[in-house]
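Notes follow once the structure below has been shown.
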Amino acid sequence: MTHWLIIKKAEAFKGIHSWNISQGGHFLAPYVGTGICLAASCYYMSMHKRGSSLREGLGLQQGNNNLFAQLNEDSIKFLRSQQICFGSRTDSSTFKKWLDTESKLKRKGYGGGELTMAKLLASIRGILPSGGYMMFIVSPAEESKHAMVAYFGARRNNRVPVRFFDINVGEFLFRDHVRFLFFFDWLLRCVYANNQPATYEFQHFL
Numbered sequence: 002m003t004h005w006l007i008i009k010k011a012e013a014f015k016g017i018h019s020w021n022i023s024q025g026g027h028f029l030a031p032y033v034g035t036g037i038c039l040a041a042s043c044y045y046m047s048m049h050k051r052g053s054s055l056r057e058g059l060g061l062q063q064g065n066n067n068l069f070a071q072l073n074e075d076s077i078k079f080l081r082s083q084q085i086c087f088g089s090r091t092d093s094s095t096f097k098k099w100l101d102t103e104s105k106l107k108r109k110g111y112g113g114g115e116l117t118m119a120k121l122l123a124s125i126r127g128i129l130p131s132g133g134y135m136m137f138i139v140s141p142a143e144e145s146k147h148a149m150v151a152y153f154g155a156r157r158n159n160r161v162p163v164r165f166f167d168i169n170v171g172e173f174l175f176r177d178h179v180r181f182l183f184f185f186d187w188l189l190r191c192v193y194a195n196n197q198p199a200t201y202e203f204q205h206f207l
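Note that the working numbering has the sequence shown beginning at 2, numbered continuously upward.
Structural data, given as structure tokens:
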């Protein structure tokens, strides 16, 4: 139910659902164990930077034409192994080594703290001049962390397009960063924090 609720909410904020995938769904759940959100988010950025895409790598695709491709089990297992290797942490030595030697990404900023609309807005404003990727990690009280990625494009007519990826629901395209912000604020508070006290962190990559 939550999966479809998120999709409907994103569409209400003019988000286009371009890829329907869930790590808890029928296709992926047998392979992901306790989750692959950090690894999937990292490789979503890294593969996009290389001119490829995580969607092509996984092989499981769904566009507006509802066409599917065969799931690449090896790719899923690889992401699971990377999740374990990273220790589900962005401050682990293995994550830092991957970032410095394999990812093709450059880390430009880091921040976070108590989850507030003002801090989210400040985070996003900070990335808009240069664009690039922002990986958000939300940590609700007494729960495990969850990672998601937003890619901010070039400003046009005072709007910044945002491509948002969450391994629990897939990928969305928002043509207006303001609409994305309001959707994302709802997502963190009402879905992942579940109205509990929560903190978040973000890392800005180019």
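Ideal placement from N, C-alpha and C gives every residue a C-beta, glycine not left out.
Contact check, residue i vs residue j, beta carbons under 8 Å
| i | j | result |
| --- | --- | --- |
| Phe-224 | Gly-113 | Lying outside 2 to 207, the shown extent of the chain, residue 224 is not represented and no answer is given. |
| Lys-50 | Leu-106 | yes |
| Asn-169 | Gly-25 | yes |
| Glu-172 | Phe-166 | yes |
| His-178 | Arg-160 | yes |
| Leu-59 | Leu-72 | yes |
| Gly-16 | Phe-175 | yes |
| Leu-116 | Thr-200 | yes |
Per-residue burial, residue i [other beta carbons within 10 Å of its own, 16 or more giving buried]
| i | result |
| --- | --- |
| Trp-99 | buried |
| Asn-65 | Low per-residue confidence applies at Asn-65: pLDDT is 48, beneath 50, and the placement is therefore not dependable enough to give any value. |
| Pro-141 | buried |
| Ser-42 | buried |
Paired residues, beta bridge with residue i - DSSP
| i | result |
| --- | --- |
| Ile-138 | Ala-148, Glu-202 |
| His-18 | Phe-173 |
| Tyr-111 | Gln-204 |
| Arg-160 | Arg-157 |
| Phe-165 | Ala-151, Phe-173 |
Within-8 Å CB hit, residue i to chain C
| i | result |
| --- | --- |
| Ser-94 | Among the protein chains of the structure shown there is no chain C, as only one such chain exists. |
Touching by the beta-carbon criterion (3+ pairs, under 8 Å), the stretch 79-87 and the stretch 30-41: The stretch 79-87 is in contact with the stretch 30-41.
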